């Protein structure tokens with residue numbers, strides 16, 4: 082049986098041609114080698130783009146000696162959650178990367194106007210669709226519409242893509258190359274479901290999982306158990322800083338080292 086890690090290597094080759102360079106780390110935390118958040122198949126042969134000349138990186142974390150971490154928030158913006166996240170980060174002067182859903186950004190543009198200035202904003206598709214289940218044209222439409230919405234409402238073009246649920250296929254990599262995106266996964270996630278009965282426990286849990294160069298997955302909308310992270314976000318940031326970590330954007334993290342690879 083082909084492992085999902087090997088699948089990523091093959092997806093890269095099928096998706097972006099001979100010059101492909103996909104960085105795939107040893108993902109131990111939470112997933113293990115057989116539970117990577119990847120799905121889908123090869124890019125279609127003979128598509129209208131022909132031979133691909135570029136490369137796309139798939140990133141889980143960054144190898145660096147600096148005690149830096151990137152907090153990332155998926156699926157927003159939404160009125161009940163996103164302002165709470167931004168308020169907590171603003172109060173502490175902390176940075177994060179938000180992977181936004183385009184239609185939600187457009188719908189809530191007034192809510193977040195000017196509030197992403199400190200932060201990085203990445204593409205999380207127009208309507209939170211599973212890219213691994215869509216053809217190249219549909220993937221391109223999902224990314225283009227979100228890309229344009231970010232440019233219009235945030236004021237700068239995104240350079241990062243996180244596919245919903247971490248599912249990707251060769252078509253995802255093909256189209257990500259067109260946009261010049263790095264594809265960002267994660268090496269650590271908020272484990273809110275473990276702390277529903279004692280929410281404050283997520284503070285120590287998150288800090289104890291932390292490693293230099295980690296990309297941490299959180300959400301600013303979703304099921305109620307995710308509120309465990311939101312309610313304790315200031316405590317999480319404070320504890321990470323107490324342990325010597327600096328919170329940076331994903332692009333700043335990349336500038337501090339190089340993407341971890343097998």
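In the working numbering, the protein residues as written are 82 to 343. Glycine residues also receive a C-beta, built at the ideal position from the N, C-alpha and C atoms. From a predicted model like this one, the values you see are computed outputs, not experimental measurements.
What's the C-alpha gap between residue 280 and residue 218?
Roughly 43 Å separates the two Cα atoms.
Alpha carbon to alpha carbon, how far is residue 264 from residue 295? Give it in angstroms, no decimals.
Straight-line Cα distance between these residues: approximately 15 Å.
Taking only runs that begin and end inside the stretch 172-213, name each unbroken beta strand (DSSP E) of 3 or more residues, in chain order.
Within the stretch 172-213, the complete beta strand (DSSP E) runs of at least 3 residues are 178-181 and 201-204.
By alpha-carbon positions, which one of 157, 206, 209 and 216 ends up nearest to residue 190?
Here the closest residue by C-alpha is 157.
Assign residue 169 to one of three DSSP states: helix, strand, or coil.
If DSSP states are grouped into helix, strand and coil, residue 169 belongs with the helices.
With DSSP run on the structure shown, which of helix, strand or coil describes residue 233?
Helix at residue 233.
Please look up how many angstroms separate the CB atoms of residue 155 and residue 200, rounded, as I've assumed it's under 8 Å.
Not quite, the Cβ-Cβ distance comes to about 13 Å (not below 8 Å), so this is no contact.
Using a Cβ-Cβ cutoff of less than 6 Å, which residues in the same chain neighbour residue 187 once the five nearest sequence positions on both sides are dropped?
Excluding sequence neighbours, residue 187 sits near 230.
Going by beta-carbon coordinates alone, are residue 162 and residue 266 separated by less than 7 Å?
No.
When burial is assigned at 16 or more other CB atoms within 10 Å of the CB, is residue 304 buried or exposed?
Its Cβ having fewer than 16 others within 10 Å, residue 304 is exposed.
Does the stretch 283-302 come close enough to the stretch 254-262 that 3 or more CB-CB pairs lie under 8 Å?
Segments in contact, no.
Whose C-beta lies closer than 6 Å to the C-beta of residue 235 among residues of the same chain, with five residues either side of it excluded?
Contacts found: 197 and 202.
Between the C-alpha atoms of residue 185 and residue 224, what's the straight-line distance to the nearest angstrom?
When rounded, the distance between both Cα atoms is 14 Å.
I'd like the span of the beta strand (DSSP E) that includes residue 74, first residue to last.
Because the chain is modelled from 82 through 343, residue 74 falls outside the range shown and cannot be assessed.
Can you name the residues that DSSP bridges to residue 260?
Partner(s): none; residue 260 has no beta bridge.
Have a look at residue 75 and residue 212 and give me their C-alpha separation to the nearest angstrom.
Past the edges of the chain, shown from 82 to 343, lies residue 75, and the structure says nothing about it.
Specify, as a first and last residue, the run of the beta strand (DSSP E) that residue 153 falls within.
Here the beta strand (DSSP E) through residue 153 covers 149-155.
Distance, Cα to Cα, residue 269 vs residue 151?
So the alpha carbons of these two residues sit roughly 10 Å apart.
How is the beta strand (DSSP E) around residue 277 delimited, first residue to last?
From DSSP, residue 277 is part of no beta strand (DSSP E); its letter is neither H nor E.
Report back the beta-carbon spacing between residue 316 and residue 284 to the nearest angstrom; my notes put them in contact at under 8 Å.
Residue 316 to residue 284, Cβ: 4 Å. Contact.
Tell me which residues share the same chain as residue 244 and place their Cβ nearer than 6 Å to its Cβ, disregarding the 5 neighbours each side in the sequence.
212 and 253, listed in sequence order.
Suppose you measure from the CA of residue 226 to the CA of residue 182; what does that come to, to the nearest Å?
For residue 226 and residue 182, the distance between alpha carbons rounds to 10 Å.
Residue 335: buried (16+ other C-beta within 10 angstroms of its C-beta) or exposed?
Buried is the call here.
Compute the Euclidean distance between the alpha carbons of residue 173 and residue 194, then round it to the nearest angstrom.
Near 20 Å, if we compare the C-alpha coordinates of residue 194 and residue 173.
When we look at the beta-carbon of residue 325 and count the other beta-carbons within 10 Å, is it buried (16 or more) or exposed?
Exposed, by the Cβ-count rule.
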